[in-house]
Amino acid sequence: MRKLLLLFFCIATTLSCKDKLELFEEYNDTSQVFGILKTSENRNYIKITKAFSGVGNTYDMAKIPDSSNYTRKLNAKLIEISNGAKKEFPLDTLTLRHRKPGVFYSPNQLVYYTDEKIKDDAKYQLIIDKGNNNIVRSEIEMSLPPKVSNKGSIKLDFIDKNTYNITIEPRSKTPLIEVWLKFNYVEINTVKKDTVDKSFKWKMAYKVYPNVKINYLYKITSRADGFFKHLKENVKPDKDIIRYIGFKKLLQQKYNTYKGRCMDIQVYAGDENLYLYSASNNDKVSLIQTSKCFSNIENGVGIFGGVTTNSILVDIDTKSELKIRTDYKELNFQNPN
Numbered sequence: 002m003r004k005l006l007l008l009f010f011c012i013a014t015t016l017s018c019k020d021k022l023e024l025f026e027e028y029n030d031t032s033q034v035f036g037i038l039k040t041s042e043n044r045n046y047i048k049i050t051k052a053f054s055g056v057g058n059t060y061d062m063a064k065i066p067d068s069s070n071y072t073r074k075l076n077a078k079l080i081e082i083s084n085g086a087k088k089e090f091p092l093d094t095l096t097l098r099h100r101k102p103g104v105f106y107s108p109n110q111l112v113y114y115t116d117e118k119i120k121d122d123a124k125y126q127l128i129i130d131k132g133n134n135n136i137v138r139s140e141i142e143m144s145l146p147p148k149v150s151n152k153g154s155i156k157l158d159f160i161d162k163n164t165y166n167i168t169i170e171p172r173s174k175t176p177l178i179e180v181w182l183k184f185n186y187v188e189i190n191t192v193k194k195d196t197v198d199k200s201f202k203w204k205m206a207y208k209v210y211p212n213v214k215i216n217y218l219y220k221i222t223s224r225a226d227g228f229f230k231h232l233k234e235n236v237k238p239d240k241d242i243i244r245y246i247g248f249k250k251l252l253q254q255k256y257n258t259y260k261g262r263c264m265d266i267q268v269y270a271g272d273e274n275l276y277l278y279s280a281s282n283n284d285k286v287s288l289i290q291t292s293k294c295f296s297n298i299e300n301g302v303g304i305f306g307g308v309t310t311n312s313i314l315v316d317i318d319t320k321s322e323l324k325i326r327t328d329y330k331e332l333n334f335q336n337p338n
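Structure representation (structure tokens):
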């Protein structure tokens, strides 16, 4: 939602950059679009709203849903172009609930969505028909996912000063790279006698490569102490629970044999549209914009971009790599015997 706030201020700047200052003028229906297609998601959302103006406090008006929402459902669709074939699917609407309070209305948010699976290396056209030949459109080409390798450099030895190293090889122009570690573990409740798979995600790194090179090897390093901080925030002590690293299907017999994969390294690559949008607002919110925000929306403003993903599972094969630190003893992680 922070990005939408930035977008709102960019719109305000764009609409007000005139030689003659007019406090009030005739309202012009300007659509705001914020959509990021992700190949990793089963459902993708696109936010379609409108710019608003009026007498009074702008922040107060932003709290009213009708200020930014259209009063009718728009005729919005995606057109997929892949291997010379076209596929068209309409966008439906739903209300996302439990949004945290912010500048715009909450806790509910009206969004458009699709359950169609987004493909790597396909083109997508976004068409929004508002009637009376008033069409908002944009087009992107999804990137190929980057190659990912760790070459045995990630070891789960639970030492703060260690670093986790992975290598990224972009196969398309994807300047934005975000790396997440999904840590999987098992909880065994000794009272209820049940066994449950658990996991949490930790952002290892966020990198920006403005002049990203295709097929070039980029090394990304993260310190292990960030992981341990996140571990304590997500896993709470419980005297009735013991824990093992990995999945319950990998634990055999009396849970004293372990061999398997416990970490999933997930790499997300954002396209040039997202990079230009991010660079144009510089992640700062200001009532006075000194430059125009990037937009690739025709007959509107906003951003339509794509994110591709790749992942690797990290093998933990040796007991020597599973030394549980004494200062995390209260979490009851068990060493394999």
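For the record, in the sequence shown the residue sitting at position 243 is 244 according to the numbering used here, with numbers rising by one throughout.
Just so it is clear, CB atoms sit at the ideal spot from N, CA and C, and this is done for glycine as well.
Query, Result
"At 3 residues or longer, what runs of the beta strand (DSSP E) sit wholly inside the segment 168 to 252?", "177 to 190, 195 to 209, 219 to 224 and 242 to 246"
"Taking just the CA atoms, how far does Cys263 sit from Thr196?", "16 Å"
"With DSSP as the reference, label Leu332 as helix, strand or coil.", "helix"
"Enumerate in chain order the residues of its own chain whose CB-to-CB distance from Lys214 is below 8 Å, with the five nearest sequence positions on each side excluded.", "Pro171"
"Check for me: the alpha helix (DSSP H) holding Asn274 runs from which residue to which?", "Glu273 to Asn282"
"Taking 9 Å as the threshold (C-beta atoms), are Pro176 and Pro147 in contact?", "no"
"Would you please state the rounded distance, in angstroms, between the beta carbons of Tyr165 and Ser223? I believe it to be under 8 Å.", "5 Å"
"By the DSSP assignment, the alpha helix (DSSP H) with Asp67 in it spans what residues?", "Pro66 to Ser69"
"Keeping to the same chain, check which residues put their C-beta closer than 6 Å to that of Ile243; ignore five residues upstream and five downstream.", "Ile189, Asn333 and Gln335"
"In angstroms, rounded to a whole number, what distance separates the CA positions of Thr350 and Asp67?", "Absent from the model: residue 350. The displayed extent of the chain is 2 to 338, so no value can be given."
"DSSP three-state call for Ala52: helix, strand or coil?", "coil"
"Starting from Ile115, trace the beta strand (DSSP E) both ways and give me its first and last residue.", "Checking the displayed sequence, the identity of residue 115 turns out to be Thr instead of Ile. Segment Gln110 to Thr115, the beta strand (DSSP E) holding Thr115."
"So, is Leu127 buried or exposed, given that buried needs 16 or more other C-beta atoms within 10 angstroms?", "buried"
"Which two residues bound the contiguous beta strand (DSSP E) that contains Gly36?", "Ser32 to Lys39"
"Taking 9 Å as the threshold (C-beta atoms), are Asn45 and Gly36 in contact?", "yes"
"So, helix, strand or coil for Ala77, using DSSP?", "strand"
"Could you tell me how far apart the beta carbons of Lys120 and Glu142 are, in whole angstroms, since I believe they sit closer than 8 Å?", "Contact flag wrong, Cβ pair sits at about 11 Å."
"Ends of the beta strand (DSSP E) at Thr94?", "Asp93 to Leu97"
"Taking only three categories from DSSP, how would you classify Ala270?", "strand"
"Look at the alpha carbon of Glu179 and the alpha carbon of Gln267, and state the distance between them as a whole number of angstroms.", "8 Å"
"Beta carbon of Ser69, beta carbon of Lys87: below 9 Å?", "no"
"Using 10 angstroms around the beta-carbon of Tyr186, count the other beta-carbons present and answer buried if the total reaches 16, otherwise exposed.", "buried"
"Per DSSP, what kind of secondary structure is Ala86 in: helix, strand or coil?", "strand"
"Throw me the rounded Cβ distance for the Met205 and Leu182 pair, which I believe falls under 8 Å.", "5 Å"
"Can you grab the Cα-Cα spacing for the pair Ile313 / Ile65, in whole Å?", "44 Å"
"Need the endpoints of the beta strand (DSSP E) that Asp121 sits in, please.", "Here Asp121 belongs to no beta strand (DSSP E), and DSSP marks it neither H nor E."
"I'd like to confirm the pairing. Which residues does DSSP put opposite Leu1 in its beta bridges?", "No answer is possible for residue 1: the residues shown for the chain start at 2 and end at 338."
"Hey, quick one: how far does the beta strand (DSSP E) through Ser150 stretch, first residue to last?", "Lys148 to Ser150"
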